[in-house]
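K.L.:
Have a look at this one before I ask anything.
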Amino acid sequence: MKIDLAVLRTVEMPLKFKFRTSFGETNVKKFLLLELRSGGLAGWGECVAEEDPFFSPETLDTARAILERNLLPLVLGRETAGPGAFDLLAARVRGNRMAKGAVETALWDLFARARGVSLSKALGGTRSSIEVGVSLGIAPTVEALVENVGRHVAQGYRRIKLKIEPGCDVERLRAVRGAFPSIVLTVDANAAYTLGDTPTLAAIDEFGLDYMEQPLHHEDIAAHAELARRIGTPICLDESIRSAADAKAAIALGACKVINVKIGRVGGHGEALAIHEAAAAAGIPLWCGGMLESGVGRAHNVAIASLAGFSKPGDTSSSSRYFEEDIVEPRLEATAGLMPVPAGPGTGVEVRAAILSRFTTGKREYRA
Ligand code: SMG
Ligand code: MG
């Protein structure tokens, strides 16, 4: 297929509540949205880079620059054989995975639409609905946290993940576990601890967590392997896994027993599939993470999470949790912790032009 036009929008969607992690706070979800057009068809990809380089080294501005200079020229005005062909061309560009992921996922959507198949099918998905959990930000007080957990348990989420940081950990877990002795519970530290915090991290063992996500530095897989020898709670890696090579290294070193796959963090569906294969070979379960995506990114997440290896509930909670309105229809909503996998062509969701234009704060068109 020949890509005639790329439209890169900056989109800002207000969140219903402030989402706080160990590295910062989000009030408004600001992201780049890429539309690739070929003839009468469009494929959509969401770039999950944030404004500041606090979760990942990439930002909106770096992603926009790399898209303009290095990535969009690889597809504009050219015959493109598919997302795999793009991955080969883009391999020369190092890092910048979130920028690559925007193009790559838009191509997956476009090519699936052209074939009239769902993205889930195109990727090899086997589920018609996925089990979902929810990620809860750091609350102002223990009471507020317990109340928030209760609300989400009542909504049927299959796993509750609590964001933690030094000082907001053991005591909060004791309160939540006390109130909900049997829920599937996890924590995510976003790299806020060091091996020096082993006593605190070991104290978490008593709460019977399914896993502890990214406790240590994002570039230190070996430290996670050391921590794994010191504590009983299984470790799940997020930030540390940027590729299938990282996943294989982490598994071989014993640094993780679970992997959170984020399509943008690893550069697209192709790399997510490679991680899926490596994890299956090692018997490591996966789940799909989230970056507070709009309906476009959320639909890509649901599609990859429909693969068999994504055997744990992910972070793809209902769109209406975060947003009053979404830019796609149908909206992706979970009922009793299950989210249906759209069966229509491509991502199976359609972008609503009028709503999108209200949230669009920047727009540029690129042609060959
Ligand atoms: O619901 O999409 C969601 C958020 C899931 O907690 C979530 N993401 O480290 O896993 C993670 C965080 C990163 C994003 S925080 C802005
Ligand atoms: Mg995480």
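Mapping the sequence shown onto the numbering used here, position 260 (from 1) lands on 1005, and the numbers just tick up by one.
No residue lacks a Cβ here, since even glycine has one placed at the ideal position from N, Cα and C.
Look at the alpha carbon of L1052 and the alpha carbon of R754, and state the distance between them as a whole number of angstroms.
P.N.:
Taking the sequence shown and counting its residues from 1, the one referred to as residue 1052 is at position 307. Taking the sequence shown and counting its residues from 1, the one referred to as residue 754 is at position 9. Those two C-alpha atoms are separated by around 30 Å.
K.L.:
Determine the contact status of Q704 and D983, defining contact as a CB-CB distance below 7 Å.
P.N.:
This structure leaves residue 704 out entirely; the chain is present only between 746 and 1113.
K.L.:
Given the structure, does D1060 come close to the ligand SMG, in the sense that its CB is under 6 Å from one of the ligand's heavy atoms?
P.N.:
Here residue 1060 corresponds to residue number 315 of the sequence shown, with the count starting at 1. At least one heavy atom of the ligand SMG is nearer than 6 Å to the Cβ of D1060, so yes.
K.L.:
Can you check the stretch 875 to 936 for any alpha helix (DSSP H) of at least 4 residues that lies completely inside it and give the ranges in chain order?
P.N.:
For the stretch 875 to 936, whole alpha helix (DSSP H) runs of length 4 or above, ordered along the chain, are 887 to 899, 915 to 924.
K.L.:
Go through its chain and collect everything with a Cβ distance to S1015's Cβ below 7 Å, but skip five positions before and after it.
P.N.:
If you number the sequence shown from 1, residue 1015 lands on position 270. First, the residue type needs correcting, since residue 1015 is Gly and not Ser in the sequence shown. For G1015, where only same-chain residues beyond five positions count, the Cβ hits under 7 Å are P828, G829, D832, E849.
K.L.:
Can you say whether S927 is buried or exposed, counting buried as having 16 or more other CB atoms within 10 angstroms of its CB?
P.N.:
Here residue 927 refers to the residue found at position 182 when the sequence shown is read from its first residue. Looking at its Cβ environment, which holds fewer than 16 other Cβ atoms inside 10 Å, S927 is exposed.
K.L.:
Check the DSSP bridge columns for P1085 and list the partner residues they point to.
P.N.:
Along the sequence shown, one-based indexing puts residue 1085 at 340. Answer by DSSP bridge pairing, in chain order: S874.
K.L.:
Give the C-beta separation of D914 and T945 to the nearest angstrom, bearing in mind that I take them to be a contact with Cβ-Cβ under 8 Å.
P.N.:
Your numbering for residue 914 matches position 169 in the sequence shown. Your numbering for residue 945 matches position 200 in the sequence shown. D914 to T945, Cβ: 6 Å. Contact.
K.L.:
Compute every distance between the C-beta of N772 and the non-hydrogen atoms of the ligand SMG, then say whether any falls below 6 Å.
P.N.:
For this step, residue 772 is matched to residue 27 along the sequence shown. Not so, every heavy atom of the ligand SMG lies at least 6 Å from the Cβ.
K.L.:
Pick from G788, C981, E1074: whose alpha carbon is nearest that of P1030?
P.N.:
In the sequence shown, counting from the first residue as 1, residue 1030 sits at position 285. Between P1030 and the set G788, C981, E1074, the nearest pair of CA atoms involves C981.
K.L.:
If you draw a straight line from the alpha carbon of I966 to that of A1098, how long is it in whole angstroms?
P.N.:
Sequence index remark: in the sequence shown, residue 966 carries index 221 (1-based). Sequence index remark: in the sequence shown, residue 1098 carries index 353 (1-based). Going by C-alpha positions, I966 is about 43 Å away from A1098.
K.L.:
Could you name each continuous alpha helix (DSSP H) segment of 4 residues or more that falls completely within the stretch 1014 to 1046, going from the start of the chain to the end?
P.N.:
1014 to 1027
K.L.:
Consider the C-beta atom of N935 and the heavy atoms of the ligand SMG; say whether any pair is separated by less than 6 Å.
P.N.:
Residue 935 sits at position 190 when you count from the first residue of the sequence shown. Correct: N935 has its Cβ closer than 6 Å to the ligand SMG.
K.L.:
From the beta carbon of L855, is the nearest beta carbon of chain B less than 7 Å away?
P.N.:
You won't find chain B in this structure, because it holds only one protein chain.
K.L.:
Would G1040 and V1073 be called neighbours here (beta carbons separated by less than 7 Å)?
P.N.:
One-based indexing of the sequence shown puts residue 1040 at position 295. One-based indexing of the sequence shown puts residue 1073 at position 328. Yes, these two residues count as a Cβ contact at 7 Å.
K.L.:
Among L930, W789, L750, whose alpha-carbon lies nearest the alpha-carbon of V1094?
P.N.:
Counting from 1 along the sequence shown, the entry for residue 1094 is found at position 349. V1094 has its Cα closest to that of W789, out of L930, W789, L750.
K.L.:
Determine whether the beta carbon atoms of K763 and E770 lie at a separation below 7 Å.
P.N.:
Counted from its first residue, the sequence shown places residue 763 at position 18. Counted from its first residue, the sequence shown places residue 770 at position 25. Cβ distance < 7 Å, so K763 and E770 count as in contact.
K.L.:
To test your reading of the DSSP string, which unbroken beta strand (DSSP E) runs of 3 or more residues are found completely within the stretch 817 to 858?
P.N.:
none
K.L.:
Considering only the alpha carbon of each residue, which of V793, S783, L881 lies closest to D854?
P.N.:
Sequence index remark: in the sequence shown, residue 854 carries index 109 (1-based). Answer by Cα proximity: S783.
K.L.:
S1102: buried (16+ other C-beta within 10 angstroms of its C-beta) or exposed?
P.N.:
Along the sequence shown, one-based indexing puts residue 1102 at 357. Result: exposed.
K.L.:
With a cut-off of 8 Å on the beta carbons, I'd call T886 and L852 a contact; round off their distance for me.
P.N.:
Position 141 of the sequence shown, counted from the start, is the residue given in the question as residue 886. Position 107 of the sequence shown, counted from the start, is the residue given in the question as residue 852. About 46 Å separates the two Cβ atoms, so there is no contact after all.
K.L.:
Helix or strand or just coil, what does DSSP make of K993?
P.N.:
Within the sequence shown, residue 993 is the residue found at index 248, counting from 1. Of the three classes helix, strand and coil, the one that applies to K993 here is helix, per DSSP.
K.L.:
Please classify A899 as buried or exposed, where buried requires at least 16 neighbouring CB atoms within 10 angstroms.
P.N.:
Counting from one through the sequence shown, the residue named residue 899 turns up at place 154. Answer is exposed; the Cβ neighbour count stays below 16.
K.L.:
With distances taken between CB atoms, is the gap from G1091 to R872 smaller than 7 Å?
P.N.:
Counting from one through the sequence shown, the residue named residue 1091 turns up at place 346. Counting from one through the sequence shown, the residue named residue 872 turns up at place 127. In this structure, R872 does not lie closer than 7 Å to G1091 by Cβ.
K.L.:
CB-CB under 7 Å to E796, same chain, minus the five flanking residues each way: which ones, in chain order?
P.N.:
Reading the sequence shown from its first residue, position 51 is the one you call residue 796. Taken in chain order, the residues that qualify are K775, T804, L805.
K.L.:
Does the Cβ of D1071 lie closer than 6 Å to at least one heavy atom of the ligand SMG?
P.N.:
Within the sequence shown, numbered from 1, the residue matching residue 1071 stands at position 326. No.
K.L.:
Shorter than 6 Å, the distance from the beta carbon of L961 to the closest heavy atom of the ligand SMG, or not?
P.N.:
Walking along the sequence shown from the start, residue 961 turns up at place 216. L961 has its CB no nearer than 6 Å to any heavy atom of the ligand SMG.
K.L.:
Quick check on the burial criterion: 16 or more other C-beta atoms within 10 angstroms. Buried or exposed for D749?
P.N.:
What you label residue 749 is simply residue 4 of the sequence shown in a count that begins at 1. Exposed, because fewer than 16 other Cβ atoms sit within 10 Å of the Cβ of D749.
K.L.:
Would you say the beta carbon of D965 is closer than 6 Å to some non-hydrogen atom of the ligand MG?
P.N.:
By one-based count along the sequence shown, residue 965 stands at place 220. Answer for D965: no, Cβ out of range of the ligand MG.
K.L.:
Within the chosen definition, does the stretch 921 to 935 reach the stretch 895 to 910 through at least 3 CB pairs nearer than 8 Å?
P.N.:
Yes, they touch.
K.L.:
Closest to A1023 by CA distance: which of I986, S1065, A937 is it?
P.N.:
What you label residue 1023 is simply residue 278 of the sequence shown in a count that begins at 1. Considering only alpha carbons, the answer is I986.
K.L.:
Specify the secondary structure class of A1000 as computed by DSSP and reduced to three states.
P.N.:
Position 255 of the sequence shown, counted from the start, is the residue given in the question as residue 1000. Three-state result, A1000: coil.
K.L.:
Per DSSP, what kind of secondary structure is E791 in: helix, strand or coil?
P.N.:
Along the sequence shown, one-based indexing puts residue 791 at 46. Reduced to three states, the DSSP call for E791 is strand.
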